[in-house]
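The structure appears below as structure tokens.
Residue numbers (the UniProt record's numbering): 1 to 189.
Here it is as structure tokens:
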């Protein structure tokens, strides 16, 4: 039985995608820095596959280019794909206490993306607004979290699911005594 082997790390995939998208949009490094609010030196470092950009930094870049976040993390296409979370390099936030694994990033043939997230006890992640009309669907498999969106604080417990508009700033906070484990589907209209 054939197994999927990922030759590129997530940072290398992100580097290739940002460079390709920047060139497709005919943006110089300076123009992308201005549009995204991310410094030219940081953009150059990311395009070289160096460092480990935060989720927030990648959101700024995707919003600056006007593309879905997942366009930065999409892996090369295959007719099928088995994804092992243990083999993926997560995107990190809150000093590594929030781990976001891009299981099936969005691509031009699909308007949604699938993520697996782990939020360590006491961790918090403030997300940038997604593209207009984006909706998040979350199911919590362990722990408890609070999602703040549109001026509301929403408690979500193990075994519960939530749907909300994600085109405004929103945040996730682990409110429990254990690691919160969740599955997220991001729908881009």
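Beta carbons are placed, not taken as given, at the ideal position from N, Cα and C, and that holds for glycine. Note that the coordinates shown come from a computational prediction; the quantities given were computed from them, not determined experimentally.
Would you kindly work out how many angstroms separate the C-alpha atoms of residue i and residue j, rounded to a whole number?
| i | j | result |
| --- | --- | --- |
| residue 72 | residue 175 | 30 Å |
| residue 186 | residue 114 | 7 Å |
| residue 14 | residue 50 | 10 Å |
| residue 48 | residue 57 | 15 Å |
| residue 83 | residue 116 | 11 Å |
| residue 68 | residue 178 | 31 Å |
| residue 26 | residue 38 | 17 Å |
| residue 31 | residue 160 | 43 Å |
| residue 189 | residue 135 | 8 Å |
| residue 181 | residue 21 | 32 Å |
| residue 91 | residue 17 | 15 Å |
Which residue marks the beginning of the beta strand (DSSP E) containing residue i, and which one marks its end?
| i | result |
| --- | --- |
| residue 152 | 152 to 157 |
I'd like the span of the alpha helix (DSSP H) that includes residue i, first residue to last.
| i | result |
| --- | --- |
| residue 36 | 29 to 36 |
| residue 149 | Run containing residue 149: none in the alpha helix (DSSP H); it sits in the beta strand (DSSP E), 144 to 149. |
| residue 88 | Looking at the DSSP string, residue 88 is not in any alpha helix (DSSP H), and its letter there is neither H nor E. |
| residue 82 | Note, residue 82: premise wrong, no alpha helix (DSSP H); not H, not E. |
| residue 47 | 40 to 47 |
Since residue i sits in a beta bridge, which residues does DSSP pair it with?
| i | result |
| --- | --- |
| residue 183 | 116, 139 |
| residue 163 | 137 |
| residue 98 | 93, 119 |
| residue 174 | 145 |
Quick one: measure Cβ to Cβ for residue i and residue j, integer angstroms, because I've assumed they're closer than 8 Å.
| i | j | result |
| --- | --- | --- |
| residue 29 | residue 43 | 6 Å |
| residue 123 | residue 170 | Residue 123 to residue 170, Cβ: 15 Å. No contact. |
Classify residue i as helix, strand or coil using the three-state DSSP reduction.
| i | result |
| --- | --- |
| residue 7 | For residue 7, the predicted structure reports a pLDDT of 43, less than 50, and the residue's modelled location is therefore unreliable. The matter cannot be settled from this model. |
| residue 62 | helix |
| residue 20 | helix |
| residue 56 | helix |
| residue 169 | coil |
| residue 2 | Caution is warranted here: a pLDDT of 39 is assigned to residue 2, below 50, making its placement in the model unreliable, and no coordinate value can be reported. |
| residue 127 | strand |
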